[in-house]
Each structure stands twice: as C-alpha cells, then as structure tokens.
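Notes for the one structure printed next.
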Amino acid sequence: MEPKLKSHTFAQDFAAEDGTVVLSVAYTLPSIENRDASPALEAIHNRYDQMGEDLLNNAASTAQDAIADYEISSQAGLSFQPTTEEMSYEVSFLSERVLSISRQFYASTEGAAHPTVLRLSDTFDLQDGRKLTFTDLCTDGIAASQRALKAVQNSDQIAQLGLSAAEVETAFQPEQFYLTEEGFVFWFQPGELGPSNSPVEVTVPYSALEEDLVQWFR
3 MEPKLKSHTF AQDFAAEDGT VVLSVAYTLP SIENRDASPA LEAIHNRYDQ
53 MGEDLLNNAA STAQDAIADY EISSQAGLSF QPTTEEMSYE VSFLSERVLS
103 ISRQFYASTE GAAHPTVLRL SDTFDLQDGR KLTFTDLCTD GIAASQRALK
153 AVQNSDQIAQ LGLSAAEVET AFQPEQFYLT EEGFVFWFQP GELGPSNSPV
203 EVTVPYSALE EDLVQWFR
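Per this note's numbering, the sequence shown starts with residue 3, numbered consecutively.
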C-alpha cells in the first residue's frame, strides 16, 4: 500500500538559566498518515517517530555541555556562539514495493567557517516495513558491490575530484545509498573522498547493475 507522507518536525530550543539559547534543533522526518492501513507502514512510521525522539534526547545531552561552555565563557568574559542543528528529508523513490528516503543533517555554529553537512538515507520494503540493504536488492551482493564500485570509480564526479581508483575503493561503502528513478545514488560523507565540506554523491544507473538486481525490484 502506498504511504501517505507528511512531515513531522521535532524541534526544541535549549537555554541556560538566564534564558540565553545555546542550542536550537529542528529535525524534520517523514510521518505516515495512513499507517493504520498496514503493519509495514506502521513499522516505518514508528521507526521515524522513535528516531525523532532519540535525536531530541541526544540534543538534550549536547545542550548540557553547551550550557556548561556558556557559563564558563560568561564567567571569563568571553563570547559564546550558539549552535543550530537541522535535519530534512526528501522522498527520492517510491514504487509499489519500495520507498527510499534521502536525509540531510546540518549543524552550524555562529562564526564557524563551515557548517557540518551529512548525508543519511533509508530504503524500505513496503510489504513488511523492514529497512533494505544494498545486498537485499541484489542476487549476489559481492558481485553487485564490485560492479557498483567500478561504476563509481569511472564516474565523471570522481574524475572531476581527481581521485584514484584505490582512494575510491577504500572509501566506498555499498550500504551508503538511496534510490532514484535513474538508479542507485552512492554517497560519501565530507572528508571520505578528499577535502570536501559537503557529501559527495555518485549515481549508478540501474542498467549497470541489471544482472544483479533481484527479480521483484527490476
């Protein structure tokens, strides 16, 4: 059953005793309106609902450290820069069987040279709600991983970065992917492929892996 998606934002400001906000967070995640229609949809919805709560709990812990830093800075007469954290998502692929979601985490501290930007992703089987791995979508995970690696190594993006095949092989993780209409998008976090402040993404068309895809996903 096709999920009816809407956004749910888990947001909170954390402040010191004097009211100064030291950390602001807003994590926007998918929520499934028709989750009662099937156990699979309910499982996916609950996964993101729990994720949002966990993110807020982690933020609360981070905020305690930020408050301590703020108090020390205030006592020393030093300036303190608050931090903002955000998460957003995009439905990158949806079929009768598969839902794939790309997420982005963003963190910025006032005055910092560059924000922290991370890529995250989830792909689900709409029949049972389980999170799918790259291997789940392939008949031979090892062979498919090697084909995917070869395609990434030969991609225009990698050529533009001037990276060697060995560097790509060291950083490549087939489970770091999401799906689009065009193919698998394999991603690398900042710093995994040379100096970069943003994730690097490489699309490998389905045709490059057609021999290895499971029948129900072709």
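Note that beta-carbon positions come from the ideal geometry of N, C-alpha and C, so glycine has one too.
All of these numbers come straight from a predicted model, not from anything done at the bench.
Excluding five sequence positions before and after residue 191, the CB atoms of its chain that fall closer than 7 Å to its own CB belong to 120, 121, 201, given in chain order. Selection 177, 211, 7 evaluated against residue 36 yields 7 as nearest (Cα-Cα). Inclusion of residue 31 and residue 54 in the CB contact set at 8 Å is warranted, their separation being smaller than that value.
Between residue 172 and the set 11, 194, 102, 188, the nearest pair of CA atoms involves 194. Unbroken beta strand (DSSP E) stretches of 3 residues or longer found wholly inside the stretch 112-147: 118-127, given in chain order. The shortest C-alpha to C-alpha distance from residue 93 to any of 208, 124, 17 is the one to 124. Contact annotation: the stretch 88-103 does not touch the stretch 159-175, with fewer than three C-beta pairs closer than 8 Å. Checking the DSSP bridge columns, you'll see residue 179 partnered with 188. When the Cα atoms are used, residue 83 and residue 148 turn out to be separated by approximately 45 Å. According to the DSSP assignment, residue 30 belongs to no alpha helix (DSSP H) but to the beta strand (DSSP E) extending over 23-34. Counting along the chain, no beta strand (DSSP E) covers residue 20, and no H or E run does either.
Residue 105 is bridged by DSSP to 91, 122.
Each of 77, 78, 74, 133 was checked against the Cα of residue 101, and the nearest Cα belongs to 133. Residue 8 is bridged by DSSP to 33. When the five nearest sequence neighbours on each side are left out, the beta carbons in the same chain lying within less than 7 Å of the beta carbon of residue 34 are those of 5, 6, 7, 43, 46, 47, in order along the chain. Linking residue 153 to residue 182 through their CA atoms gives a straight-line distance of about 16 Å. Bounds of the alpha helix (DSSP H) holding residue 41 are 41-78. Beta-bridge partners of residue 193 (DSSP): 196.
In the displayed model, residue 211 falls within a helix according to three-state DSSP.
39 is the residue among 39, 110, 78 whose C-alpha sits nearest the C-alpha of residue 128.
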